[in-house]
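Quick note: to get the working numbering, add 55 to the position in the sequence shown (first position is 1). Here a beta-carbon is modelled for each residue, glycine too, at the ideal position from N, C-alpha and C.
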Amino acid sequence: MPTTFVEKDQLHGLEIDAMLRGPDEIGAKKLIISTMKDEAPYILEWLAYHRAIGFTDFLIYTNDCSDGTDLLLDRLEQNKHVTHVRNVVLKRGPHKSALKNAKEQSAYHSADWVYVTDVDEFLNIKIGDGRVDDLIARFPEANAIPVTWRLFSNN
56 MPTTFVEKDQ LHGLEIDAML RGPDEIGAKK LIISTMKDEA PYILEWLAYH
106 RAIGFTDFLI YTNDCSDGTD LLLDRLEQNK HVTHVRNVVL KRGPHKSALK
156 NAKEQSAYHS ADWVYVTDVD EFLNIKIGDG RVDDLIARFP EANAIPVTWR
206 LFSNN
């Protein structure tokens with residue numbers, strides 16, 4: 056079998072792509088909607104985690120970024136990992152403006168489940184294998200599943 060050599064930087068890029076793709080999903084489309092401003096250092100970890108637990112689609116809004124968050128999300132969108140929308144902030148503020156616009160997006164209309172969250176929030180599922188499908192299966196008649204916060208900091 057021939058040996059294929061891959062440059063170190065290319066290999067790293069392939070590993071990141073594999074993490075972001077997550078496991079092959081069959082069934083329900085599970086969408087995350089999020090708003091971000093200056094969150095570039097945290098996006099890849101957050102995205103990889105939520106892909107790993109079973110979210111299939113991401114609709115991410117940004118506004119007024121100065122740290123490259125919007126540029127990183129543009130690149131992730133080019134590689135079909137997310138849908139990135141540069142938010143037009145209305146009088147109601149960035150979060151409500153994004154949620155209003157999300158209702159017009161095809162990702163929203165094609166989703167079976169929608170989870171609205173921030174980049175500093177990680178859904179911790181304590182049933183089954185800790186995947187979104189386990190949570191949904193636990194409540195087969197539900198059309199909404201409430202999720203509460205648990206804070207882990209000193210402030």
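Using CA coordinates, which residue listed in the options is at the minimum distance from residue i?
i      : options                           : result
Asp175 : Leu99, Ala83 and Lys84            : Leu99
Lys135 : Thr117, Ala162, Gly148 and Arg147 : Ala162
To which residues of the same chain is residue i closer than 7 Å at the C-beta, ignoring the five residues directly before and after it?
i      : result
Pro78  : Model confidence at Pro78 stands at a pLDDT of 49, short of 50, so the residue's coordinates are unreliable; what they give is reported in the following sentence. Hits under 7 Å: none found.
Cys120 : Lys92 and Asp93
Under a Cβ-count criterion, where at least 16 other Cβ atoms within 10 Å of its own Cβ denotes burial, should residue i be classed as buried or exposed?
i      : result
His105 : buried
His164 : exposed
Asp173 : exposed
Ser208 : exposed
Helix or strand or just coil, what does DSSP make of residue i?
i      : result
Lys85  : strand
Trp204 : coil
Arg141 : strand
Which same chain residues, not among the five before or five after residue i, have their C-beta less than 6 Å away from its C-beta?
i      : result
Tyr170 : Ile87
List the residues that DSSP assigns as beta-bridge partners of residue i.
i      : result
Thr90  : Tyr116
Arg186 : Its beta-bridge partners do not exist; DSSP assigns none.
Excluding sequence positions up to five away, which residues of its chain have a Cβ less than 8 Å from the Cβ of residue i?
i      : result
Phe177 : Trp101, Tyr104 and His105
Arg193 : Ile182 and Gly183
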